[in-house]
Every structure is written in structure tokens, then in C-alpha cells.
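This report refers to the structure that appears directly beneath it.
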Amino acid sequence: MHKNTFIEQFLCTFAHRKEKYAMDSLQWLKELFTTTDSVAHIALLYAIVIAVGVYLGKIKIGGISLGVTFVLFAGIVAGHFGFTAPTPILTFIQDFGLILFVFMIGMQVGPGFFESFGTAGMKLNGLAATGILLNILVMFACYFAFFDTSKVENLPMMVGTLYGAVTNTPGLGAANEALGTVFGQGKGPHIASAYACAYPLGVLGIIGATILIRYICRVKLEQEEHELNAMNEANTNKKPYKMHLEVTNKYLEGKTLLQVHHFLNRDFVVSRLVHEGELCIPNRDTIFHIGDQMLIVCAEADQEAIMAFIGPKLDIDFEQSDQPLVSKRILITNPKINGKTLGSMHFSSVYGVNVTRITRQGMDIFATPSLPLQVGDKIMVVGPEDAADRVANKMGNSIRRLNAPNIATIFVGIIIGIIFGSLPIAIPGMPVPMKLGIAGGPLIIAILIGRYGYKIRLVTYTTTSANMMLREIGLVLFLASVGIKAGANFFETVVEGDGLLYVFTGFLITTIPILIVGPIARLKFKFNYFTIMGMIAGTYTDPPALAYANSVCSKEAPAVGYSTVYPLSMFLRIFTAQIIVLFFCG
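Using my numbering, read the sequence shown as starting at 552 and increasing by one per residue.
Spelled out as C-alpha cells, the structure:
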């Protein structure tokens, strides 16, 4: 009997403790989701919002997805149901994410920013700038036509609609920051609500208007492809060209290779030379003789002039000769080489090898003496194996060095960018001095560092995957923060407010400029339709539009148009966002 009583008491105590443990566990789980100021809660909040947003963003409707921008919508839902964090923490993470995002964009576009203003590039960038100006003009037209201009919050909300319509998140961030300057941090209108209303139809509107241009201008895709093929064939003379020549010009007898270079005034490399049956690697002091045979690498456009001056082609191939020479591709990873010109390295005279070509970001570049070398370049050298190995040691040739991003350069650039963005610029008529802020300042500095950093020995090379990772992390942190902060008032703004009007005006802002600029690019400037598609996608900095263009074109024309206008368009979107807010909303 006593034994049974003990067992009953033990079981009762166990059941009580089990129930208490279960209640404690539920309480702990409840506190994890409701205690907004705990680190665990904040980390969980961002992890859930970002993960849900990224996965939902992969869903395609009609072959089109919203991508990581869906993180904004996931954040809005979380904020609406009270799953949030303290406002100062949300603001800090939002601003830090924006800084990281725009800085990595600047580092990416910097090397090609100024080079994009060639003859055709000037026209495309001019059209892109016109499109951006038209977006702003249509926004103001809609503001005066459809909204009560006496309400202070309406113009800022239209700015949010503008950047949703053009699918430009950095512009939203710049406008948000400028609003903090005008209204005070956290006191301005939640323009992310208008951005979220306009964004989905903005993506569809860009693609739809691009398709409409095809019918307005009566474009036939097969004919456009044929023209691209013809253009590619015409441009092959810009690629490196190899030929074997024999010296027959009596004027060259006794002349050095350097003298021949000066006389011809054309870029070419003599990578191998046979004199009296002996194969050698020539340098700038090598003397030409009648009957010498040589392997020359030059631009195809220069081949006829060089051949006419030196001598006829030969039906031989030195590369098949059984000589102790090698061709070796070497990767530049030594930071000390960054920015040095090819001519200053004296490869032929000092190392006994010749550099025949350079590959940069997958493109072959002709090896001219004035070309500055950059970390990440691959150079093709020809010479004795031991000499090629010495050059490889000098250049670094270690892929491991490139696998790690140059964190110091990134944060040094961010420091300079924040200081530069904080400088007040007084403009007549503007109520407060303009500042480029944490969006514009780091962007400009990143572009300058990406292009000219090598001049002050800054190693700016970052692998594409590393740049994309840092950029995407910054973007999702920014979007999640903006969405969570806007979520509390989102449904009131959309359902009870002007949500449908934001959708309608956003659609007008998206499509009208495209339907003006696109036909002009086609009918006046005669651009290929696929190039126009890429230009429009770049003007709106919209990857889904580029993906659609690539799906209907087998060539690189859309990507070329996109990359030509993207750097300037991104800069103008961010810069004009702050100008509009500071000048008109103050």
C-alpha cells in the first residue's frame, strides 16, 4: 500500500512538472516572438522576413518574377501584424544595408562608367537621361492632375510611386533619407507604401511597353538578328589577329623593332622571330634583317598596313615548331602591379617574354603599351618556360588571392563616401543645403575608386560572386527594414487611401516615357531593336526586363545596351531622388 502511494505521488509530481515545463516552453517561445528589443527576436525577425521574401520572389507568373524585391512585401506583412523591432534598430539596419548596396553597385559599374560614353554610348546615355527626365515630368503631371497639392504628404508619396514605377530601389532609399532631412528621422510619410503599390505593375509595364514599341515601329525580330550578325562580322577587325610575315622591305634592314613601331604608328607585337634558322623572342632593340620571319599579333584592321610595310604572309606556324618556347596565361594578383602600364613593365627587355593579349572580365583586349594593368587581368605571355615562370611569380598568378574580397578597400571607400555625402551644398532656392547623403556619397566615391583606385594603389578587384553577395545582403536588409517600418500603416494607406491611384499613376510613369524614347531611338537614331530593349531595361535598372530581352535575342545586344546606360542611369536615379525631395518637398 505504501509502495502504491509513493508511485502515485511520483507520477503526480512528474505530470505536474511536465505540464509546468510545457508552459515554460510556450512562454519562452512566446517571448522570443514578442520581446522586440532582444537580439534573438530581431535576428529571427530579419531571418524570417528575408527567407520568406526571397523564396516567394522566385515564383514566376508569365515567366516574370519580382526577385528579392518580394522581401519588401514580406516585411510589410510582418509589420502589419506587429512582428517588428525598435525603430532605431530598424533605421540603423536600413541605412547600413543601403550604404553597402549602393557602394557595391558603384564598385561594379565604376571601371566601365566613363568608357560607356563612346559615340554610340553617348547617344544611348542621352536617350536614357531623357527617359529619366520624362519619368519625373510625368510624375509631376500626375501629381497636379490627380492629387490634392495642399496636402504635404502627397508629393513625397508620388516620389515613392515614381521609384516603384521605375523599379529602382536605391532611389527609394535616397528619397527616404532625404525625407529624414526635411521632416526629421522617422517623421516623414511612409513612401515605401506607394513604392510597393507601383512596383509590380512597373515590372510588367516596362516589358509591355517594350513589346508595344516593336509593333509601333513595325520591327521584325528575324531581320534584327540578321543585322546583328552583319554588325558582328564587320566588327571582327577589332579582335587580336595573328599572322606570320617575312621581312622583304629593304628599308627595314638594320632598323630596330622600336623604330619600326614609331614609323608605323600602329600597335602590334612581334612575339617570335626566326633569324638565319634560329628562333628567338624579340625585344625593342631587336634588329630587323631581310629574310627574317616573324609572328605578329595586331588588330585585324591594321593587318594590311603592317603586311604592306614589312612583307608578305607565310604559310608556316612557329607555334608548331619544336622549340623550347611556351605560351602561358598568367593571372595578375599582385597588388603592386595594379595600375602599371604594360610598357612600363618591360616584359621583352627585362623578362625575355612578349605579352600578346590581355583578357579582362572575359573580353580580349589588345596589348598596347599604354594599357594600365589591373588585378584580375589575365595576360598571355610567349617566351622560354623559365622566363614565363619568372613573370608568373612577379604577377602573382594566385587565384587564392582573388577568392577573398578586399574588405579594407570597401570600408575605406565607405568612410570617404559617408564624409563626402555629409558635405552640405548650398543651392539657391533650396530651403536647406543639399547633401548627397549615405546613398549618393558612397555611390560616387565607389565609382571613382572602381575606375581610378589603382592610381593610389587601392586594390579594387572583387570577384563577381563576392560583389553580388555583399550587394544582395545590403539590399535585403534595406528592403526588410523599409517593409517592416511601413507595414503598420500600409493597409490603411492602400485600402482606405490612394492605393489604386498610386497603381494607376505608377503605370503612366512607367509606360509613357518608354513609348516616347523607344520610337525616337528606333526611327531617328536607327538603333537595333534588341539594343533598345537593353537600353530601356538599363534605364529602369530592371533585371526582369533584361532577362526578357535576352530570352528573345540570341546575341549580346540587349546586355550591351543595358550595361552601357546602367551606370549613368543608376547614378541619376539616386541623385534626382534627393534633388526632388529637398527642392520640392522642403
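In this text, a Cβ means the ideal position worked out from N, Cα and C, and glycines have one as well. As the structure is a computational prediction, the values presented were derived from the model and not from experiment.
query                                                                                                                                                                      : result
Pull up the DSSP beta-bridge partners for Lys929, would you.                                                                                                               : Leu882 and Thr910
At the level of alpha carbons, what is the spacing between Asn800 and Glu829?                                                                                              : 20 Å
Can you list, in chain order, the residues of its chain with a C-beta nearer than 6 Å to that of Ala1191? Leave out the 5 residues immediately preceding and following it. : With the chain covering 552 to 1137 only, the question about residue 1191 has no answer from this structure.
Can you give the Cα-Cα distance for Leu723 and Val1132, rounded to whole angstroms?                                                                                        : 11 Å
Inspect the beta-carbon positions of Ala1108 and Leu779 and report whether they are closer than 7 Å.                                                                       : yes
Helix or strand or just coil, what does DSSP make of Tyr504?                                                                                                               : Because the chain is modelled from 552 through 1137, residue 504 falls outside the range shown and cannot be assessed.
Just to confirm the assignment, what range does the beta strand (DSSP E) spanning Glu829 have?                                                                             : Glu829 to Cys831
Which residue spans inside the region 988-1062 form an unbroken alpha helix (DSSP H) run of at least 4?                                                                    : 988-1003 and 1015-1042
Give a yes or no on whether the C-beta atoms belonging to Pro993 and Ile965 are separated by under 7 Å.                                                                    : yes
With a floor of 4 residues, list each alpha helix (DSSP H) that falls wholly inside the region 662-750, ordered by position along the chain.                               : 670-697, 705-716 and 720-734
Residues in the same chain with beta-carbon distance under 6 Å from Val653, minus the five sequence neighbours each way, listed in chain order, please.                    : Pro721, Ala990, Pro993 and Leu994
Quick one, are the C-beta atoms of Ala943 and Ile883 less than 7 Å apart?                                                                                                  : no
Look up Val798 in the DSSP assignment and say whether it is helix, strand or coil.                                                                                         : coil
Buried or exposed: Met673, going by 16 or more other Cβ atoms within 10 Å of its Cβ?                                                                                       : exposed
When you compare the CB positions of Ala1100 and Gly1085, do they come within less than 7 Å of one another, or not?                                                        : yes
To the nearest angstrom, report how far apart Gly1025 and Cys1136 are at their CA atoms.                                                                                   : 27 Å
Using a Cβ-Cβ cutoff of less than 6 Å, which residues in the same chain neighbour Met552 once the five nearest sequence positions on both sides are dropped?               : Any reading at Met552 is ruled out, since the residue's pLDDT is 47, under 50, leaving its predicted position unreliable.
Look up Val820 in the DSSP assignment and say whether it is helix, strand or coil.                                                                                         : strand
Taking Leu1123 as the reference, which of Leu987, Thr1062, Lys611 and Cys1104 has the closest Cα?                                                                          : Leu987
Distance check for Leu685 and Leu706, CA to CA, integer angstroms please.                                                                                                  : 17 Å
Among Pro1118, Phe1081 and Lys1006, which one has its Cα closest to the Cα of Pro923?                                                                                      : Lys1006
Just the Cα atoms here: how many angstroms apart are Phe1076 and Leu796?                                                                                                   : 42 Å
Considering only residues of the same chain and omitting the five flanking positions on each side of Thr1127, which have a CB-CB separation below 8 Å?                     : Ile683, Ile687 and Gly722
Can you give the beta carbon distance from Ala629 to Ile1035, rounded, assuming they're within the 8 Å contact cut?                                                        : 6 Å
What residue range does the alpha helix (DSSP H) around Ala959 cover?                                                                                                      : Ile958 to Gly972
Quick one: is Gly1069 buried, meaning 16 or more other Cβ sit within 10 Å of its Cβ, or exposed?                                                                           : buried
What distance in whole Å lies between the Cβ atoms of Val821 and Leu803, which are believed to be in contact at a cut-off of 8 Å?                                          : Actually they are not in contact, since the Cβ atoms of Leu803 and Val821 sit about 12 Å apart, beyond 8 Å.
Just tell me which of Pro833, His812 and Gln844 has its CA closest to the CA of Asp853.                                                                                    : His812
Sort Thr1062, Ile998 and Gly604 by Cα distance to Gly753 and report the nearest one.                                                                                       : Thr1062
Where does the unbroken alpha helix (DSSP H) through Ala591 begin, and where does it stop?                                                                                 : Val590 to Gly608
How many whole angstroms separate the CB atoms of Ser1120 and Ala679, which I take to be in contact at a CB cut-off of 8 Å?                                                : 5 Å
Per DSSP, which residues does Lys864 bridge with? Please list them.                                                                                                        : Leu796
Please list the terminal residues of the continuous beta strand (DSSP E) segment that includes Met896.                                                                     : Here Met896 belongs to no beta strand (DSSP E), and DSSP marks it neither H nor E.
Could you pull the start and end residues of the alpha helix (DSSP H) that Leu846 belongs to?                                                                              : Here Leu846 belongs to no alpha helix (DSSP H); instead the beta strand (DSSP E) covers Gln844 to Ala850.
Pull up the CB-CB distance for Phe962 and Ile996, whole angstroms please, since I reckon it's below 8 Å.                                                                   : That pair is no contact at about 12 Å.
Between the Cα of Asp928 and the Cα atoms of Ile950, Gly934 and Arg1073, which residue gives the shortest distance?                                                        : Ile950
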